[in-house]
Every structure is written in structure tokens, then in C-alpha cells.
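Numbering (my numbering), first residue to last: 306 to 470.
Glycine is no exception: its CB is placed at the ideal position from the N, C-alpha and C atoms.
Bear in mind the structure is a predicted one, so any value in this text is a computation, not a measurement.
Everything on this sheet refers to the single structure shown next.
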């Protein structure tokens with residue numbers, strides 16, 4: 306009985322290793338680097354007067370009214386600050402034609418700026434991200450910021466979005 310079980314396990318693994326899997330692995334390209342400037346000033350540098358002191362993101366399609374979206378702040382080689390977004394906002398299917406699908410994420414950005422020692426100003430902006438998905442590739446395809454198209458994907462290039470306020 307032991308030998309029969311052992312033989313069945315060996316045959317199972319042999320058959321499993323011989324299967325032909327022609328499916329390719331789907332490539333993922335969804336990292337965004339978002340810069341915000343005003344008249345050449347890095348608005349994400351909290352050490353510069355007039356810049357944003359805090360930035361919060363909220364998923365409009367989230368499960369609740371307050372669905373925070375995670376992002377990281379970083380500096381590039383020129384020491385400019387940017388927001389790096391990987392994923393986290395809910396994606397809604399908006400189109401399914403041909404061999405591809407389009408998904409959309411909608412995010413409110415709350416940008417707080419210090420006016421004086423006792424007053425802050427909070428601005429609310431809207432970012433809409435479109436993703437294209439095929440069996441081979443899932444990628445960011447377009448980004449609108451306050452209803453203005455700010456980014457269209459160029460194959461092989463990083464997803465850098467520059468917002469001027």
C-alpha cells in the first residue's frame with residue numbers, strides 16, 4: 306500500500322512537471338511619480354514657505370466616505386519632492402472592448418498650505434487614473450488632474466506626472 310501511494314505521488318509530480326504552460330506572465334506597470342510645482346517652486350517641499358504642509362489622498366470609490374489611499378513621498382536625483390503611488394485605490398471597470406479592459410480609480414487630494422501661524426488653507430483636487438489591462442500587460446494609460454489630461458502612457462517610459470498649480 307505504501308509503495309502504491311508513493312508511486313501515485315511520483316506519477317502526479319511527473320505529470321505536473323510535463324504540462325505545457327504557454328501563458329505568459331502579465332507585466333505590471335502602475336507606479337506613478339507625481340510632482341507638483343508652482344512657478345518653479347517645489348510645492349511638496351515642506352521646508353519652503355508657501356508649499357503644502359500636508360497632503361492626504363482619499364479614494365472616491367472606497368467603501369466609506371473616508372477611504373485613505375497610501376502613497377510615499379520621495380526625492381529624485383535633483384532633490385525635487387514627488388509622491389510615489391503604487392496602488393490602493395479601488396478600480397472600477399469602465400470599458401471592456403476587444404482584448405483589453407479599462408479600469409478607473411478616482412482620488413481626491415487634500416492639499417494643506419499654511420497661510421499664517423493660525424490659519425491653514427485646504428485645497429481639494431481630483432485625480433482620475435485610467436488603467437489598461439490585456440492578458441500580457443496591466444498599465445497606467447491616462448491621468449486627469451482636475452479634469453485636465455496630464456499624462457498619456459508612452460511605452461518604455463516611467464509614469465511621471467507633472468502638475469503645475
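Asked: Could you give the distance in angstroms between the alpha-carbon of residue 392 and the alpha-carbon of residue 423?; Found: 35 Å
Asked: Over the uninterrupted beta strand (DSSP E) stretch that includes residue 379, give me the two end residues.; Found: 377-380
Asked: Under three-state DSSP, which class holds residue 342?; Found: strand
Asked: To test your reading of the DSSP string, which unbroken beta strand (DSSP E) runs of 3 or more residues are found completely within the region 350-401?; Found: 357-364, 377-380, 386-390
Asked: Can you give me the Cβ contacts of residue 426 inside the same chain, cut-off strictly under 6 Å, excluding the 5 residues immediately before and after it?; Found: 418, 420
Asked: What residue range does the beta strand (DSSP E) around residue 446 cover?; Found: 442-450
Asked: So residue 356 packs on residue 470, CB below 8 Å; how close in whole Å?; Found: Incorrect: roughly 11 Å between the Cβ atoms, too far for contact.
Asked: For residue 464, which beta-bridge partners are listed by DSSP?; Found: Paired residue(s): none; residue 464 is not in a bridge.
Asked: Taking residue 334 as part of the beta strand (DSSP E), name the residues at either end of that continuous run.; Found: 332-334
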